[in-house]
């Protein structure tokens, strides 16, 4: 198992495991950018491995809801009014599609575009219906890879007394990585949901896990986290 393999080779991991263990009433789950524009077949920025995450994330989200862990969703959005991705070649797929022109990777495709002519279908910024947020759950729309930057995410977490965050979603090396490092630098205790995130290449995914394990995050699978969270309900109450 990758988690155990990495932990065995990292001297800090035992300390990180202890420090970052979930705390009842102080833990939240972040589900990063599980959107049509990144997951639908044929999307210009499709991450096929991301679709495999859906059943596991459904189970983790359901467990979090049962034990009272807030679930917060993030959503990447692009607007021509906030041209933050520097245009071509960075994020050219998010630029408005040319009427009658070809779309796809490396071309303007309206991917996750919002505004008067938003991306639709496989290019939509909407979160997958299988993971649909509840009406009372926060959805943080961000214009950059780091979901803390220019959003109310930090304020929302701190106002709820959250000190520990579980991070999942796509892609491991871009939005998840940027958000995870940002959380760690804001002094949150971070757990990376290792099989609840994905990118295009397995070696890049594993490289991110190795980097995080050195200093930034605890590594756990969805099954391990579900067991940990369910254990809260079995603990005897203090008198």
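Numbering (our numbering), first residue to last: 2 to 240.
Glycine is no exception: its CB is placed at the ideal position from the N, C-alpha and C atoms.
- Annotation: the continuous alpha helix (DSSP H) that includes residue 55 extends over 54-68.
- Here residue 146 is not bridged, per DSSP, to any residue.
- Look at residue 172 here: in three-state DSSP terms it is coil, with no helix or strand label.
- Looking at the DSSP output, residue 133 bridges to nothing.
- Judged by DSSP secondary structure, residue 221 falls within the beta strand (DSSP E) whose first and last residues are 219-221.
- Put simply, of 182, 126, 124 and 60 the residue whose alpha carbon is nearest the alpha carbon of residue 197 is 60.
- Between residue 82 and residue 147, the alpha-carbon positions lie close to 19 Å from each other.
- Taking residue 104 as the centre and dropping the five residues before and after it, the same chain places the C-beta of 45, 98 and 110 closer than 7 Å to its C-beta, in chain order.
- Taking C-beta atoms as the reference points, residue 27 and residue 144 fail to come closer than 7 Å.
- Residue 75 has 33 and 141 as its beta-bridge partners, per DSSP.
- Under the 10 Å beta carbon count, residue 204 is surrounded by fewer than 16 other beta carbons and is classified as exposed.
- For residue 187, there is no enclosing alpha helix (DSSP H), since its DSSP letter is neither H nor E.
- The secondary-structure analysis by DSSP pairs residue 28 across a beta bridge with 165.
- Taking 7 Å as the cut-off, the beta carbon of residue 210 is found no closer than this to the beta carbon of residue 226.
- In the structure shown, residue 214 falls within a helical segment according to DSSP collapsed to helix, strand and coil.
- Scanning 53, 55 and 163 for the CA closest to the CA of residue 70 turns up 163.
- Ranked by how close their Cα comes to the Cα of residue 234, the residues 78, 127 and 64 have 64 in first place.
- For residue 155, the uninterrupted alpha helix (DSSP H) run begins and ends at 154-160, by DSSP.
- With respect to the 7 Å criterion, residue 126 and residue 78 are classified as neighbours on the basis of their beta carbons.
- Judged by DSSP secondary structure, residue 15 falls within the alpha helix (DSSP H) whose first and last residues are 14-21.
- Short of 6 Å from the beta carbon of residue 112, and not among the five residues preceding or following it, lie these beta carbons of its own chain, in chain order: 38, 45, 46, 94, 95, 120 and 124.
- Here residue 125 is not bridged, per DSSP, to any residue.
- According to DSSP, residue pairing for residue 80 in a beta bridge involves 83.
- If you compare the alpha carbons of 153, 136 and 133 with that of residue 142, the shortest gap goes to 153.
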